[in-house]
Amino acid sequence: MQSFNIPGMTCGHCKSTIEKAILELDGSAKITIDMDTQNVDVDTQTDTGVIVAALKTAGYDASPI
Ligand SMILES: [Cu+2]
40 MQSFNIPGMT CGHCKSTIEK AILELDGSAK ITIDMDTQNV DVDTQTDTGV
90 IVAALKTAGY DASPI
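Per this note's numbering: the sequence shown ends with 104, consecutive numbering throughout.
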């Protein structure tokens, strides 16, 4: 399990953009997004740096926590 803080998630569109970016890396990733804390938990074998880079491309600055 990896956790990221992703500031700037404000609506359902942000949520689906982030989910899509991660699922493109690993279609079986399990993603839990908490809009209140702006934290995202991802259950995947994908490298942390690869996830951060994909989210950056999608327009979000994700920090591993
Ligand atoms: Cu949004």
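Glycine included, C-beta positions come from ideal geometry on N, C-alpha and C.
>> What does the alpha-carbon distance come out to for the pair Asp86 and Gly98?
In response: 19 Å
> Per DSSP, Thr71 forms a beta bridge with which residues?
Replying inline: Asp80
> In angstroms, rounded to a whole number, what distance separates the CA positions of Ile57 and Ile104?
Replying inline: 17 Å
>> Between which residues of its own chain and Ser42 is the CB-CB distance below 8 Å, once the five residues before and five after are set aside?
In response: Asn78, Val79, Asp80, Val81, Pro103 and Ile104
> Can you tell me the Cα-Cα spacing of Thr96 and Gly66, whole angstroms?
Replying inline: 18 Å
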